[in-house]
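Heads up: the sequence shown begins at 1 in the UniProt record's numbering, then just goes up one per residue.
What follows is one structure encoded as structure tokens, with my remarks underneath.
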Amino acid sequence: MARPRTFGVRALLTDPAGRIALVRHHYIAGWYLPGGGVDKNESAEEAIRRELAEEVGLADVEIAGLLGVYHNRSQAKDDHVVVFVARVADPAALHAADAREIAEAGWFAPDTLPEGTSPATRRRIAEHLAARQGHGVW
């Protein structure tokens with residue numbers, strides 16, 4: 001049975017110190033960029049703003065641009081994921097806003113990412129640090 005194609009968003013969110021926001025979910029092991037699915041009649045930008053508010057409690061976020069658009073076919077998925085580059089002025093506001101979904105949220109220096117950071121998350125961070133626009137396989 002084929003899975004339906006989905007459309008998702010993630011944010012490579014940085015603070016003034018250059019740290020990157022990551023989240024750990026209750027339902028899957030590892031650390032990830034915050035984000036989620038795009039709802040019907042919702043733009044990708046509206047979705048990432050909603051997801052950042054829901055997951056990490058941030059409403060005042062500057063969307064600086066796009067890191068890239070990726071296709072995730074792992075684990076029988078057929079997902080297209082848009083990764084935004086975003087900034088926040090007040091890093092203290094970051095927290096696990098939805099305790100049912102997010103076990104933990106935190107800021108991490110790119111050279112000290114937590115154990116269990118997903119390989120795709122590490123690839124997106126490396127692209128960002130190299131000032132490369134990403135695309136292709138998640």
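All C-beta atoms in this analysis are idealised placements derived from N, C-alpha and C, irrespective of residue type, glycine included.
Just so you know, the alpha carbons of A89 and L52 end up roughly 14 Å apart.
Secondary structure of T121 (DSSP, three-state): helix.
Non-local beta-carbon contacts of E127 in its own chain, meaning distances under 8 Å to residues more than five positions away in sequence, involve L67, G68, Q133, G134 in chain order. Check the Cα spacing between W31 and each of G136, I125, A131: the tightest is with I125. One Cα belongs to T14, the other to P4, and the distance between them is close to 32 Å.
For I102, the enclosing beta strand (DSSP E) covers residues 102-108.
Straight across, the Cα-Cα distance linking H25 with S118 is about 12 Å. The beta strand (DSSP E) runs of length 3 or more contained entirely in the segment 19-62 are, from start to end of the chain, 20-25, 35-37. C-alpha of L58 to C-alpha of R49: approximately 8 Å in a straight line. Its chain contains R87 as the residues whose beta carbon lies nearer than 6 Å to that of E62, once the 5 sequence neighbours on both sides are disregarded; these appear in chain order.
The shortest CA-to-CA distance from A120 to any of N72, P114, D111, L94 is the one to N72.
Among the bridge pairs identified by DSSP, H95 is matched with none.
Beta-bridge pairing by DSSP links R87 to T14, E62. Here DSSP, grouped into helix, strand and coil, assigns L129 to helix. Under DSSP, D78 shares a beta bridge with no residue.
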